[in-house]
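Asks: Residue numbers (the working numbering): 6 to 322. Built from N, CA and C at the ideal position, the CB exists for glycine as well. What follows is a single structure, and I will ask about it in a moment.
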Amino acid sequence: MPLLEVEHLEISFRTPEGELRAVNDLSFQVGAGEALGVVGESGSGKSQTAMAIMGLLARNATARGNIRFDGQELLKLPAAQMNRIRGAQIGMVFQDPMTSLNPYLSIGTQMAEVLVQHRGMNKVAGLAESARMLDSVRIPDATRRLDQYPHELSGGMRQRVMIAMTLLCRPRLLIADEPTTALDVTVQAQILELLGELRREFGVAVLLISHDLGIVSELCERTLVMYAGQLMENGPTERLLTRPGHPYTRGLLDSRPGLDSPLDLPLAAIPGAPPDLLQLPPGCPFQPRCAQAFEPCGRRPPVLQHPGGVLRACHAA
Ligand SMILES: Nc1ncnc2c1ncn2[C@@H]1O[C@H](COP(=O)(O)OP(=O)(O)OP(=O)(O)O)[C@@H](O)[C@H]1O
Ligand SMILES: [Mg+2]
6 MPLLEVEHLE
16 ISFRTPEGEL
26 RAVNDLSFQV
36 GAGEALGVVG
46 ESGSGKSQTA
56 MAIMGLLARN
66 ATARGNIRFD
76 GQELLKLPAA
86 QMNRIRGAQI
96 GMVFQDPMTS
106 LNPYLSIGTQ
116 MAEVLVQHRG
126 MNKVAGLAES
136 ARMLDSVRIP
146 DATRRLDQYP
156 HELSGGMRQR
166 VMIAMTLLCR
176 PRLLIADEPT
186 TALDVTVQAQ
196 ILELLGELRR
206 EFGVAVLLIS
216 HDLGIVSELC
226 ERTLVMYAGQ
236 LMENGPTERL
246 LTRPGHPYTR
256 GLLDSRPGLD
266 SPLDLPLAAI
276 PGAPPDLLQL
286 PPGCPFQPRC
296 AQAFEPCGRR
306 PPVLQHPGGV
316 LRACHAA
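And the structure:
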């Protein structure tokens, strides 16, 4: 049984303009200890998928389908039970740790509080365990850091603190939503390396969300490519990087800045814009931007195919 099983997930938002369909018939799985990357352009539904798993969707949202964690259906879970799973079994790290850390409390106070709340420790034991966890995320001089406040740390250090805080309850799944986008390239690489090490050390499964296939390839053996809230392709990351089958995956790769590309030139992004989620087209949502589109693409949604271990939604590929 997979650790996380998402089946036919639909997320829609009630808006003054009508029903916005953010995620459509999305299915995927994450095994225990596995790392799955989720990539796609802005607005493709990556974060809302994560929020649905965490039970943190906005009030104007409706989620349908199934999200099973360790066999337990999360979408129908009463709030009190979801509160116990969130944090304790599924942890989430966000893009900007400053919005998740309390600026008025020391790192130690915030971390120990998690252990007092979730693991019933007293504050002294909580502080000792927090120092050990800071050590685990390679923060030097951990005991001294406990007395510091978030603004006294660099962006990369704060992200390490957030990861440490999330791991305090020993979750079995860590969701990291663009955890490195606010960081410079060197620090980005260090955080990805750290996530890889922690995965081995704690056996935690990871769902890593990013715009960039290159970033998820540092950590994830499999990757899910999303567009307009739908699965475009899901397969081994290496294979998607070297032999992308879906025209959208190819477009994403072509729009990555190469090491040799001049810095002052705009990226060769995919021409056009994602569809209006208030009025999704009947066929493949990528059809208007796809160079390979042909007759059925605009009329009916592609049926999922699995050529050689890759799951792909495309009429042409
Ligand atoms: N509360 C809400 N009400 C209405 N629409 C919403 C709400 N929250 C999110 N959306 C819409 O849902 C769609 C999917 O958003 P989501 O945040 O999942 O995108 P994303 O893939 O994470 O993008 P990014 O890369 O920019 O973070 C977007 O069109 C967004 O505007
Ligand atoms: Mg997002």
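Which of the three DSSP states, helix, strand or coil, is assigned to residue 195?
Replies: helix
Asks: Can you tell me the Cα-Cα spacing of residue 333 and residue 209, whole angstroms?
Replies: Since the first and last residues shown for the chain are 6 and 322, residue 333 lies out of range.
Asks: Using the beta-carbon of each residue, find all residues closer than 7 Å to any heavy atom of ligand 2 and list them in chain order.
Replies: 51, 52, 182, 183 and 214
Asks: Specify whether the segment 41–54 and the segment 84–98 touch according to this definition: at least 3 beta carbon pairs, one from each stretch, less than 8 Å apart.
Replies: No: the two stretches stay apart, fewer than three of their Cβ pairs being nearer than 8 Å.
Asks: Check whether the Cβ of residue 249 lies closer than 8 Å to any Cβ atom in chain D.
Replies: Annotation note: the requested chain D is absent from the structure, which comprises a single protein chain.
Asks: Alpha carbon to alpha carbon, how far is residue 310 from residue 91? Give it in angstroms, no decimals.
Replies: 34 Å
Asks: Would you decide whether residue 242 is buried or exposed? Buried here means 16 or more other CB atoms lie within 10 Å of its CB.
Replies: buried
Asks: Is residue 103 closer than 8 Å to residue 19 when the C-beta atoms are compared?
Replies: No, the pair does not count as a contact, with Cβ atoms beyond the cut-off.
Asks: Taking residue 16 as the reference, give the member of 8, 44 and 54 with the closest Cα.
Replies: Closest option to residue 16, Cα to Cα, is 54.
Asks: Nearest-angstrom Cα distance between residue 271 and residue 9?
Replies: Its pLDDT being 46, under 50, residue 271 is placed unreliably in this model, and the value from its coordinates should be taken loosely. In this structure, the alpha-carbon of residue 271 lies about 38 Å from that of residue 9.
Asks: Which of the three DSSP states, helix, strand or coil, is assigned to residue 253?
Replies: helix
Asks: Could you tell me how far apart the beta carbons of residue 315 and residue 226 are, in whole angstroms, since I believe they sit closer than 8 Å?
Replies: About 13 Å separates the two Cβ atoms, so there is no contact after all.
Asks: For a test of the three-state rule: what should DSSP assign to residue 235, helix, strand or coil?
Replies: strand
Asks: Just reading off the alpha helix (DSSP H) that residue 123 is part of, what are its end residues?
Replies: 112–124 is the span of the alpha helix (DSSP H), which, as asked, contains residue 123.
Asks: Alpha carbon to alpha carbon, how far is residue 24 from residue 295? Give it in angstroms, no decimals.
Replies: 26 Å
Asks: Please confirm whether residue 79 and residue 58 have their CB atoms less than 8 Å apart.
Replies: yes
Asks: Go ahead and pull the three-state DSSP assignment for residue 88.
Replies: helix
Asks: What's the call for residue 332, buried or exposed, on a 16-neighbour Cβ count within 10 Å?
Replies: For residue 332 there is no data in the structure shown, the boundaries of the chain being 6 and 322.
Asks: In whole angstroms, what separates the C-alpha of residue 14 from that of residue 139?
Replies: Inter-residue distance for residue 14 and residue 139 is about 36 Å (C-alpha atoms, whole angstroms).
Asks: With a cut-off of 8 Å on the beta carbons, I'd call residue 44 and residue 218 a contact; round off their distance for me.
Replies: 5 Å
Asks: Examine ligand 1 and report whether any of its heavy atoms sits within less than 7 Å of the Cβ of residue 219.
Replies: no
Asks: Which partner residues of residue 78 appear in the DSSP bridge assignment?
Replies: 73
Asks: Please return the same chain residues whose Cβ sits closer than 6 Å to the Cβ of residue 130, not counting the five positions on each side in sequence.
Replies: none
Asks: Measure the beta-carbon distance from residue 233 to residue 279 and round it to whole angstroms, keeping in mind my assumption that it falls under 8 Å.
Replies: 6 Å
Asks: Does the beta carbon of residue 99 fall short of 7 Å from some heavy atom of ligand 1?
Replies: False, no ligand heavy atom lies under 7 Å from that Cβ.
Asks: Tell me whether residue 140 sits in a helix, a strand or coil according to DSSP, three-state version.
Replies: helix
Asks: Give me the residue from 65, 32, 6 and 33 with the minimum Cα distance to residue 22.
Replies: Residue 65 is the option with its Cα nearest to residue 22.
Asks: Output the boundary residues of the alpha helix (DSSP H) element that contains residue 172.
Replies: 160–172
Asks: Kindly indicate which three-state DSSP category residue 33 falls into: helix, strand or coil?
Replies: strand
Asks: Put residue 243 into one of helix, strand or coil per three-state DSSP.
Replies: helix
Asks: Between residue 37 and residue 204, how many whole angstroms is the CB-CB distance? I'm expecting something under 8 Å.
Replies: Not really, about 11 Å apart at Cβ, beyond 8 Å.
Asks: Using the DSSP secondary-structure output, state which residues sit across from residue 334 in a beta bridge.
Replies: Only positions 6 to 322 of the chain appear in the structure, and residue 334 is not among them; the question remains open.
Asks: Got a sec: does ligand 1 put a non-hydrogen atom nearer than 7 Å to the Cβ of residue 18?
Replies: yes
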